[in-house]
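Under the working numbering, the residues of the sequence shown are numbered 15 to 134, in order.
Note that beta-carbon positions come from the ideal geometry of N, C-alpha and C, so glycine has one too.
As structure tokens, the structure follows; a few thoughts come after it.
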Amino acid sequence: PVYTLGISGKSWIIRTALSDRDIVKVNLGDSGFIANIEIFPSRKVSYYLIPMASVVEADGRIGYVYEVTPTGTAKKVKVTIATLYGTQAAISGGLENVKVVVSDGVAYLTDGMPVDIKKQ
Numbered sequence: 015p016v017y018t019l020g021i022s023g024k025s026w027i028i029r030t031a032l033s034d035r036d037i038v039k040v041n042l043g044d045s046g047f048i049a050n051i052e053i054f055p056s057r058k059v060s061y062y063l064i065p066m067a068s069v070v071e072a073d074g075r076i077g078y079v080y081e082v083t084p085t086g087t088a089k090k091v092k093v094t095i096a097t098l099y100g101t102q103a104a105i106s107g108g109l110e111n112v113k114v115v116v117s118d119g120v121a122y123l124t125d126g127m128p129v130d131i132k133k134q
């Protein structure tokens, strides 16, 4: 079964399976409501959301992005990918000091290449 629902005394009990990546975020006492199971972990984690197209050479949880340096050149930066949300990648590490990430044309970049920023 996807989930099991039962009543024990005054409390509702819902049993469900969680993926490996979600089970490590959950602590005893975290749970959603029966009509719509959503688990909100007590441990909060912040991510940087960037377009998935910005990530190059991804292998598992490791990938690379290009940041735009203050001098207008591309710099390759190693990042840790936490998860994917639709067309965005949630980055958990590597972007702490990065101000601008290249999102278009990354496949053609190399370290030190001049970058022309276009505002949309």
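Contact check for residue 65 against residue 117 passes: the beta carbons are separated by less than 7 Å. Beta-bridge pairing by DSSP links residue 103 to 64, 98. Relative to residue 133, the option among 122, 125, 127, 114 whose CA is nearest is 114. The three-state reading of DSSP puts residue 131 in coil, since its state is none of H, G, I, E or B.
By the beta-carbon neighbour count (other beta carbons within 10 angstroms, threshold 16), residue 56 is exposed.
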